[in-house]
Every structure is written in C-alpha cells, then in structure tokens.
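According to my numbering, the stretch in the sequence shown is residues 21 to 305, in order.
Every residue gets a Cβ at the ideal spot worked out from N, C-alpha and C, and that includes glycine.
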Amino acid sequence: MSKATMAVGRFEDIRHVLRFDDKRTRAVYQETDHMAAFRYIWDLFLVKCRQRFISSDCVTVDEQLVSFRGRCKFLQYIPKKPAKYGLKIFWLCDARIPYAIDGIVYTGRQPREEVQKNLGEKIVLQLCSRLRNIGRNITTDNFFTSVPLAQHLLEKDLTIVGTLRQNKPDIPLLMKASKSREVYSTEFGFNSNLTMVSYIRKKGMAVVLLSTIHHDKVVDENSRKKKTRSNHILQQDQRRCRHHGPDGWHLHLQAPNTEVAHGAVVQYARHCHSECLCLFHCSAS
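This is the structure we're talking about:
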C-alpha cells in the first residue's frame, strides 16, 4: 500500500467500517477464541511470512507491544514498554535480518481454557515447531529461557542461547551474585549438553546465561572497556542488539511513510486518536 492509493479521509472512512468476519457466526467463534474477528486474516498473513523467507542458522524469539488503546479483551499494560498499552505479539525473527518468520498474538486465557503454566516455554516451542530437525539456534531472553525448554529443543535438533531469571531453581548457588565475587568475573557450569555462565556485570548483580551450543570456557579479554566477558554472553548480546527486538523495529518505523518490516508492507497513517495504524499488506501468491 502507498499514500498514492487513496486520500487519508477515504482511508479513515473505510477503516471505521472494515470487518474481517461474518457477523452471523461471530458469537459462535468468540466462544472459543478472543481473536475470532481477525483470526483468518492473521493466519493468512503468517502463511505469507513463512513462504517468503528461509531463515538463517540463527533466529530470535521476542515480544512486541503494538500501541493500541481501543476496546479489546486482550489489551495489555506493560509500563516498561515504549507504548505501555497495546496488543502483545510474540515473534520468531531472523537474527541476522529484521524479518518476522512467525508470530503469536497473546490473547490471554481463552474461553474454557485451563490456567496457563510455563507460557514462555510453550510460546517458543510453538513458534519453532516448523524449524525442527534443521539445526537452528534460538536466542531468547529470561522470560522464555529455562532448562526444560533447552532439553525439549535439543530433542528437536535445535539449540538455544538465552539469559535466565535469578529465581530459576536450576541455577546453582555458585552462579548467583555474592559479595565475594569480583566485578566482571565469570563462572562456568557444565552438565551434559547444557552450559551455564554467570557474569558479574556490577557489584551484587549477576547475569546468568544458558547455552546448548557452547561447551567451553572461552572468555573475550578484548571486550569493550576491558570488561572480560564470555563468548556466550557476547554472542547473545550481538544477536539481540542487531535488530533491538521487535519493539525496536516499531520505534524505527514511527513515520508517515511506508517501509518494509515483518515480511510485509507496514503503513503508518496519521489519525486523531492514535499515533499510527499498522496494516499488513501480504503479497499475492
């Protein structure tokens, strides 16, 4: 889509009446799916994303909060995000090129659904279900990473590099921050195919990382400001900072022009009630 297609006023008129479902069957579908009104179009968009791109050997799982303050059953409030209010989407992205391969809109607890446990693990396994047995490496943050997840991925011929939350029961006491540990010091732990690294970035704060692709004690002595960090942490930083996550793309695209992202054309249009409107225009097969 481009600005030359139609005037902004015409676009707004169409947007206010545009619907993607059948009103006669809406109530039936909403009994099992909060996103029933848009599910068909979303699934169609994801099919195009998967067809148009073959991922590199490294992919990243992260979340994005798409700015939105309208009426919605699964509206999220995350104060640390740039938008604060919006719709949360979990993306599987290529770690080398900012392209979304797959995505899941977080709709909360669906009707008649049991309470969700280990949500981060389930999200990663679902997003990576089409990557099994092709040897990809997945980079995650501490919301997703866990020892059980790493073991499940190894069974599917997939490896992981990701930070761990400090409250995980799998972290040994030796790996946690203590007064006796020096700043910039690194501790390693090995168990079968799992490697755990603990790095003291400042006094009383440890960054704990889990990897199934590294199996050594290599430390980069030439890291910036002479802070010696393990290659495990450097690799995780590089992959996540290369595109700064989906939220970084969203901020980068805050402009009234058209740019390519997430495997589709994203059009940000001006209107009086919100910063931008994101329309995914999928190319015809």
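**Message:** Please give me, in chain order, every unbroken run of the beta strand (DSSP E) with length at least 3 that falls completely inside the stretch 153–201.
**Reply:** 157–160 and 179–184
**Item:** Bridge-paired residues (DSSP) for Val125
**Value:** Ile109
**Prompt:** In angstroms, rounded to a whole number, what distance separates the CA positions of Lys101 and Phe88?
**Reply:** Note on geometry: alpha-carbon atoms of Lys101 and Phe88 lie some 13 angstroms from one another.
**Prompt:** In the DSSP assignment, what residue or residues form a beta bridge with Glu207?
**Reply:** The beta-bridge partner set that DSSP reports for Glu207 consists of Ser218.
**Message:** Quick check on DSSP: helix, strand or coil for Ala120?
**Reply:** strand
**Prompt:** In three-state DSSP terms, what is Leu85?
**Reply:** Reduced to three states, the DSSP call for Leu85 is strand.
**Asked** Applying the criterion that 16 or more other CB atoms from any shown protein chain within 10 Å of the CB defines a buried residue, is Leu151 buried or exposed?
**Response** buried
**Item:** 8 angstroms Cβ shell around Asn162 - same chain, five flanking residues per side excluded
**Value:** Gly182, Thr183, Leu184 and Arg185
**Item:** Inter-residue Cα distance where the pair is Phe73 and Leu66
**Value:** 11 angstroms
**Prompt:** If you follow the beta strand (DSSP E) that Ala226 is part of, which residue opens it and which one closes it?
**Reply:** Met225 to Ser231
**Asked** Can you tell me the Cα-Cα spacing of Val125 and Ile34, whole angstroms?
**Response** Each residue's alpha carbon lies about 24 angstroms from the other.
**Message:** Could you check whether the Cβ of Asp236 sits closer than 9 angstroms to any Cβ belonging to chain D?
**Reply:** Annotation note: the requested chain D is absent from the structure, which comprises a single protein chain.
**Item:** Val81 vs Leu147 beta-carbon contact at 9 angstroms
**Value:** yes
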